[in-house]
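Participant:
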Amino acid sequence: MLSADPTALKGKATCKQVLFAFSNRIIELTPHGSLDKLMEYDEYISSSQISEMKSRLYEA
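Here this note's numbering is used: the first residue of the sequence shown is 1, the next is one more, and so on.
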């Protein structure tokens with residue numbers, strides 16, 4: 001994982017690495033509402049609770 005110090009990137013970080021290093025708030029807009037969570041991106045994409053909430057918001 002990258003350092004939170006932006007000067008540590010040195011031009012070699014991918015967009016995904018930057019996303020993982022600096023993301024701590026996820027806002028997802030859906031057709032039937034939104035999710036606004038304070039958590040790291042890898043937690044967000046692996047959480048079963050979040051998956052259930054997203055399913056409800058996309059299927060509603």
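Think of the CB as a built atom: it goes at the ideal place given N, C-alpha and C, for glycine as much as any other residue.
Between which two residues does the beta strand (DSSP E) carrying SER34 extend?
Facilitator: Taking the first residue of the sequence shown as position 1, residue 34 is located at position 34. That run of the beta strand (DSSP E) goes 33-38.
Participant: Pull up the distance between the alpha-carbon of SER34 and that of ILE27, whole angstroms please.
Facilitator: Against the sequence shown, residue 34 aligns to sequence position 34. Against the sequence shown, residue 27 aligns to sequence position 27. Rounded to the nearest angstrom, the two C-alpha atoms are 7 Å apart.
Participant: Quick one: is TYR58 buried, meaning 16 or more other Cβ sit within 10 Å of its Cβ, or exposed?
Facilitator: Start at 1 with the first residue of the sequence shown, and residue 58 comes out as number 58. So TYR58 counts as exposed.
Participant: Can you name the start and end residues of the beta strand (DSSP E) that THR14 belongs to?
Facilitator: The residue you call residue 14 lines up with position 14 of the sequence shown. Element bounds for THR14: n/a, residue is neither H nor E.
Participant: Could you give the distance in angstroms between the alpha-carbon of GLN49 and the alpha-carbon of ASP36?
Facilitator: Along the sequence shown, one-based indexing puts residue 49 at 49. Along the sequence shown, one-based indexing puts residue 36 at 36. Near 13 Å, if we compare the C-alpha coordinates of ASP36 and GLN49.
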